[in-house]
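Below: the structure, in structure tokens.
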Amino acid sequence: MNVFLLFIAMFVFIAMGIPIAWSVGLSSFFYIVTNNIPVAMLTQKMTASLQGFVFVALPLFLLTGDIMNTGGLTERLVNLSKACFGRFKGALAYINVFVSLLFGGVQGLATADTVAIGSMLIPAMEKEGYTKEFATAITCASSPLGAIIPPSVIMIIYGSVCEVSIGNMFLGGFIPGIIMGGVQMLYVLYLSKSKKHADHIPGGSKISREDRIKWVKEGLPTMVLPLLIIGGIVGGVVTATESAVIAVIYATLLSVITKELKWKDIPKILWNGTKTIGSVMIILATSSVFGYILTLEKIPQLIVNLLLDISNNKFVLLLIINLFLLVVGTFMDPTPAAIILGPILLPVLKSFGMDPVHIGVMMCMNLIMGQITPPVGSCLYLASGISKLSVEKISRALLPFYAINFGVTLLISYVPAFVMTLPKLFGV
1310 MNVFLLFIAM FVFIAMGIPI AWSVGLSSFF YIVTNNIPVA MLTQKMTASL QGFVFVALPL
1370 FLLTGDIMNT GGLTERLVNL SKACFGRFKG ALAYINVFVS LLFGGVQGLA TADTVAIGSM
1430 LIPAMEKEGY TKEFATAITC ASSPLGAIIP PSVIMIIYGS VCEVSIGNMF LGGFIPGIIM
1490 GGVQMLYVLY LSKSKKHADH IPGGSKISRE DRIKWVKEGL PTMVLPLLII GGIVGGVVTA
1550 TESAVIAVIY ATLLSVITKE LKWKDIPKIL WNGTKTIGSV MIILATSSVF GYILTLEKIP
1610 QLIVNLLLDI SNNKFVLLLI INLFLLVVGT FMDPTPAAII LGPILLPVLK SFGMDPVHIG
1670 VMMCMNLIMG QITPPVGSCL YLASGISKLS VEKISRALLP FYAINFGVTL LISYVPAFVM
1730 TLPKLFGV
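Under the working numbering, read the sequence shown as residues 1310 to 1737, first letter to last.
The structure is reproduced here in structure tokens:
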């Protein structure tokens, strides 16, 4: 069974509706059996891929997000955003993006962002007078910020697989995330000023001084979380895993102090976290075997030769690779894509003088965009479940945001300073 049939088998399994983890695992298993490779290698590679100490951080960051949602801390971030943007025309649209920036600083998944923020703001925006399509689209479009702004699950995975500093990956994702969120907010500003669209963007509401002070006081303690996470790593005080432990403890204490987290909520939080991290770990294990097979078949060298045959111009190759990653992201979850493609593309782009951190952030941003694009965009389907709109309608409403997000990704690809400034200043 050659590598071409390996990919055919994987895509057939995916088309049959088999979960991505099992599709990757089954196709790898068939390759091993048909090529007389000892089956024990399958289990050895799967278990070895999960032994990195840094992977302990994954369930802890996910747990932090669940605690925030259940303990009312996410709602406090929304209120803090209202204090900042509530009086402007298009207030809830600004708030939707801004909360994604804030929420991204304490958890690391785009899907968690979609569920937490979408369940609160999509109904609220519809009630204010926004179209359901726009409310759902901006929720989807801003959800990748949750996985770009550190901490980021996909960056932890890329850093572990490609042996790149996770602290530097976190620092590298910060400015691109801010830029993407900022451009989305500028688009909302354009809509609010445009005569053609202004009627669809409701005005802001007057917020009393007392409410503004109250919301800022309640929201600021939550804002300490990202400072603890990033500050601790950058300062060399803690590792990414230790910062995740601190995040869980701080979020729990804050939720208990505010009296919004009940004892009865804890089993549900732990169960949700267990299900999520279980699926992530299965994907990690099976994808590592798939990646090993590609290395065995010398696919990295083939891709290098293919790209160099097309062009030896760095800028042309960057465009091709960005488009390639974007297409891959539409069909494959970011986790297996990063595990499989990271070790393949890293040496290619390093040969053109690119830094591994720059490569990683560019790759993660492209793959995460796949979560808001059909046919298998997980954030798209989650948002569809919340708003009860079809995926087709949401996708059409997302078209301007696709252009924005991909445009920002191209910008950071061609201007390394947007990624590398913070790692060079505070790199660990």
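Virtual Cβ for every residue (Gly too), placed ideally from N, Cα, C.
Keep in mind that this is a model prediction, so the values were computed, not measured.
Residue of the options minimising C-alpha distance to residue i
i: Thr-1423; options: Asp-1618, Ala-1692 and Ile-1703; result: Ala-1692
i: Ala-1419; options: Ile-1612, Ser-1451, Ile-1404 and Gly-1528; result: Ser-1451
i: Leu-1603; options: Leu-1635, Val-1321, Ile-1341 and Ile-1431; result: Ile-1341
i: Ile-1510; options: Phe-1483, Phe-1397 and Met-1590; result: Phe-1397
i: Leu-1720; options: His-1667, Ala-1706 and Pro-1732; result: His-1667
i: Val-1415; options: Ile-1317, Met-1325, Ile-1542 and Met-1377; result: Met-1377
i: Ala-1726; options: Met-1350, Ser-1687, Ile-1591 and Met-1663; result: Met-1663
i: Ile-1703; options: Gly-1455, Leu-1689 and Val-1348; result: Leu-1689
i: Phe-1633; options: Leu-1315, Ser-1461, Gly-1540 and Met-1674; result: Met-1674
i: Leu-1611; options: Thr-1567, Ile-1653 and Lys-1354; result: Ile-1653
i: Leu-1734; options: Val-1525, Asn-1477 and Gly-1528; result: Asn-1477
i: Leu-1315; options: Gly-1326, Met-1325, Ile-1327 and Asn-1344; result: Asn-1344
i: Leu-1372; options: Met-1672, Val-1700 and Leu-1579; result: Leu-1579
i: Met-1355; options: Val-1598, Tyr-1467, Arg-1385 and Glu-1437; result: Val-1598
i: Phe-1339; options: Ala-1318, Ala-1357, Gly-1326 and Thr-1718; result: Ala-1318
i: Met-1434; options: Ile-1487, Gly-1512, Lys-1607 and Tyr-1467; result: Gly-1512
i: Gly-1651; options: Ile-1466, Leu-1454 and Ile-1327; result: Ile-1466
i: Ser-1469; options: Leu-1593, Asp-1520, Ala-1330 and Val-1724; result: Leu-1593
i: Tyr-1723; options: Gly-1381, Asn-1631 and Met-1464; result: Asn-1631
i: Glu-1569; options: Gly-1381, Ala-1357 and Pro-1328; result: Gly-1381
i: Val-1557; options: Lys-1505, Pro-1460, Asp-1520 and Leu-1500; result: Pro-1460
i: Thr-1639; options: Asn-1621, Pro-1609 and Ser-1687; result: Ser-1687
i: Thr-1718; options: Arg-1518, Asp-1520, Gly-1326 and Pro-1453; result: Pro-1453
Counted within 10 angstroms of its Cβ, other Cβ atoms place residue i as buried (16 or more) or exposed
i: Asn-1311; result: exposed
i: Ala-1553; result: buried
i: Leu-1359; result: exposed
i: Ile-1619; result: exposed
i: Gly-1544; result: exposed
i: Val-1636; result: exposed
i: Tyr-1601; result: buried
i: Gly-1490; result: buried
i: Ile-1346; result: exposed
i: Ala-1712; result: exposed
i: Thr-1379; result: buried
i: Met-1729; result: buried
i: Val-1670; result: buried
i: Pro-1576; result: exposed
i: Pro-1684; result: exposed
i: Thr-1383; result: buried
i: Gln-1353; result: exposed
i: Thr-1531; result: buried
i: Phe-1313; result: exposed
i: Arg-1705; result: exposed
i: Ile-1458; result: buried
i: Ala-1647; result: buried
i: Ile-1566; result: exposed
i: Asn-1714; result: buried
i: Leu-1707; result: buried
Other residues of its chain near residue i: CB distance less than 7 Å, five sequence neighbours each side excluded
i: Pro-1709; result: Tyr-1496
i: Leu-1698; result: Lys-1441, Glu-1442 and Thr-1445
i: Ile-1426; result: Asn-1405, Val-1408, Ser-1409, Phe-1412 and Thr-1448
i: Met-1350; result: Ile-1341
i: Met-1494; result: Tyr-1403 and Val-1406
Cut-off 8 Å between Cβ atoms - residues of its own chain near residue i, not counting five sequence neighbours on either side
i: Pro-1665; result: Cys-1471, Val-1473, Leu-1655 and Lys-1659
i: Leu-1498; result: Gly-1399
i: Ser-1514; result: Gly-1395, Arg-1396 and Ala-1400
i: Leu-1731; result: Leu-1480, Gly-1481, Phe-1483 and Ile-1484
i: Asn-1581; result: Asp-1375
i: Val-1525; result: Leu-1389 and Ala-1392
i: Met-1429; result: Thr-1383, Glu-1384 and Val-1387
i: Val-1547; result: Gly-1541 and Ile-1555
Sequence-distant residues of the same chain with beta carbon closer than 6 Å to residue i, five excluded per side
i: Ala-1421; result: Gly-1374
i: Ser-1696; result: Ile-1431, Lys-1441 and Thr-1445
i: Gly-1334; result: Thr-1595
i: Ile-1323; result: Ser-1332
i: Lys-1502; result: none
Any non-hydrogen atom of the ligand ZN closer than 7 Å to residue i Cβ
i: Tyr-1340; result: Among the components of this structure there are no ligands whatsoever, and the ligand ZN is therefore not found.
Any chain D beta carbon closer than 8 Å to residue i
i: Ser-1660; result: Absent from the structure is chain D; it holds one protein chain and no more.
Count the C-beta pairs between the segment 1404 to 1418 and the segment 1517 to 1536 that are closer than 8 Å, then say yes if the count reaches three, no if not. yes
Minimum length 4: unbroken alpha helix (DSSP H) runs contained in the segment 1335 to 1410: 1349 to 1357, 1366 to 1379 and 1382 to 1394
Using 8 Å as the cut-off, can you tell me whether the segment 1613 to 1629 makes contact with the segment 1555 to 1572, which would need three or more C-beta pairs spanning the two stretches below that distance? no
Would you say the segment 1577 to 1592 touches the segment 1623 to 1634, given that touching needs at least three Cβ pairs under 8 Å? no
Below 8 Å, how does it come out for the segment 1631 to 1651 and the segment 1672 to 1686: are there three or more Cβ pairs, yes or no? yes
Tell me the start and end of each unbroken alpha helix (DSSP H) in the segment 1602 to 1632 that is at least 4 residues and wholly inside, in chain order. 1608 to 1619
Quick check for students: name the residue ranges of the alpha helix (DSSP H) that lie wholly in the segment 1434 to 1520, counting only runs of 4 or more. 1441 to 1451, 1454 to 1457, 1462 to 1471 and 1475 to 1502
Can you give, in chain order, each stretch of the beta strand (DSSP E) that sits fully within the segment 1517 to 1547 and has at least 3 residues? none
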